[in-house]
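These notes are about the structure you will find just below.
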């Protein structure tokens, strides 16, 4: 019996290592595949695909309930932007985000953006604003409430949505305002990384005329949409001080920023936590859902949101 137990343990360990390797190679696609096998897919569907530009990277995928068109009540919207150091990533690989939040009552938009070397700053911000504008105009036909749009992103995607919420010019180009965003969720986001040191930041932001203007911490406003900033304390790719510095400056400006730090999490762990089976034992998705519903409801009724910690 001992050799049988040993064999089972060895197979589990090998399987776990194989999964970790696969995630490191093409994480989001693997997470979506695992999520499809281990999570519930009841009444969750990919409703449509759309484009917001000529580039293949400027694409959107809308997830919602299969009967979205039959519901009279409109759902809050979570628009999610992927990471990848502004040089890789495809929103089509993030179906697990849709399957995490549709059962919680959301319509989910997965948004792509132009990447290096095709594009450099500020292309990602133009595309983030374009995705928000498309969602504002079109999401009602898919069961979403255009008055309750919360934008979220992981890593580079967190940078994109935070900047789109702080600088008026990007949404202003579409005749919108940052007040059209009910709230912002940043996962493992880089918000204060000048001077540029990594290849990805040098390539993407190096050509900017004013490099300090590329930094979210330099655009804080007291009237910006409320933010929820999540970070793992063991993140060595984007250090947690990025989240702490942004929260400190927003709070000092009179704005609303909440933070949640996870002591044992690394850079990708908050993202992985949104996929089955991990989301069954972690609270990242629930924390996001509660925040998004709260700020969405308050935006719909035009009640100012105050940070509970202030």
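Numbering (the numbering used here), first residue to last: 397 to 706.
Glycine included, C-beta positions come from ideal geometry on N, C-alpha and C.
Which residue comes first and which comes last in the alpha helix (DSSP H) that contains residue i?
i: residue 544; result: No alpha helix (DSSP H) contains residue 544, which is instead part of the beta strand (DSSP E) from 540 to 550.
i: residue 688; result: 680 to 696
i: residue 463; result: Careful: residue 463 lies outside any alpha helix (DSSP H) and carries neither H nor E.
i: residue 600; result: 595 to 601
Based on the DSSP secondary-structure assignment, which residues constitute the bridge partners of residue i?
i: residue 444; result: 458
i: residue 471; result: 540
i: residue 653; result: 623
i: residue 476; result: 506, 548
i: residue 658; result: 628
Does the distance from the CB of residue i to the CB of residue j come in under 8 Å?
i: residue 496; j: residue 527; result: no
i: residue 583; j: residue 556; result: no
i: residue 443; j: residue 538; result: yes
i: residue 505; j: residue 498; result: no
i: residue 358; j: residue 553; result: Only positions 397 to 706 of the chain appear in the structure, and residue 358 is not among them; the question remains open.
i: residue 591; j: residue 558; result: no
i: residue 523; j: residue 672; result: no
i: residue 532; j: residue 562; result: no
i: residue 667; j: residue 550; result: yes
i: residue 567; j: residue 604; result: no
i: residue 456; j: residue 445; result: yes
i: residue 509; j: residue 601; result: no
i: residue 643; j: residue 625; result: yes
So residue i is in the beta strand (DSSP E); what residue range does that whole segment cover?
i: residue 672; result: Segment: none, residue 672 is in no beta strand (DSSP E) and carries neither H nor E.
i: residue 648; result: Here residue 648 belongs to no beta strand (DSSP E); instead the alpha helix (DSSP H) covers 637 to 648.
Is residue i near the ligand ZN, going by C-beta to nearest heavy atom under 7 Å?
i: residue 481; result: This structure simply doesn't include the ligand ZN, nor any ligand for that matter.
Kindly indicate if chain C contains any beta-carbon less than 8 Å away from that of residue i.
i: residue 564; result: Considering every chain present, this structure includes no chain C. It has just one protein chain.
- Runs of beta strand (DSSP E) wholly within the stretch 497 to 580 (minimum 3 residues, chain order): For the stretch 497 to 580, whole beta strand (DSSP E) runs of length 3 or above, ordered along the chain, are 503 to 507, 540 to 550.
- Query: Counting Cβ pairs closer than 8 Å, one from the stretch 601 to 618 and one from the stretch 656 to 676, do we hit at least three?
  - Reply: In this structure the stretch 601 to 618 does not lie against the stretch 656 to 676, because fewer than three pairs of beta carbons, one per stretch, are closer than 8 Å.
- Message: Could you check whether the stretch 611 to 621 touches the stretch 574 to 581, counting it as contact only if at least three pairs of C-beta atoms, one from each stretch, sit closer than 8 Å?
- Response: Yes, the stretch 611 to 621 is in contact with the stretch 574 to 581.
- Item | Stretch-stretch touch, CB-based, cutoff 8 Å, three pairs: the stretch 447 to 460 with the stretch 477 to 484 | The answer is no - the stretch 477 to 484 does not touch the stretch 447 to 460, with fewer than three Cβ pairs under 8 Å.
- Item | Inter-stretch contact at 8 Å, needing at least 3 Cβ pairs: the stretch 546 to 560 / the stretch 471 to 480 | Judged by Cβ distances under 8 Å, the stretch 546 to 560 makes contact with the stretch 471 to 480, as three or more pairs qualify.
- Task: For the stretch 426 to 438 and the stretch 666 to 685, state whether three or more C-beta atom pairs, one from each stretch, are separated by less than 8 Å.
- Result: Between the stretch 426 to 438 and the stretch 666 to 685, the count of C-beta pairs closer than 8 Å reaches three or more; the two stretches touch.
- Item | Cβ pair count under 8 Å reaching 3, the stretch 623 to 639 against the stretch 585 to 602 | Short answer: they touch.
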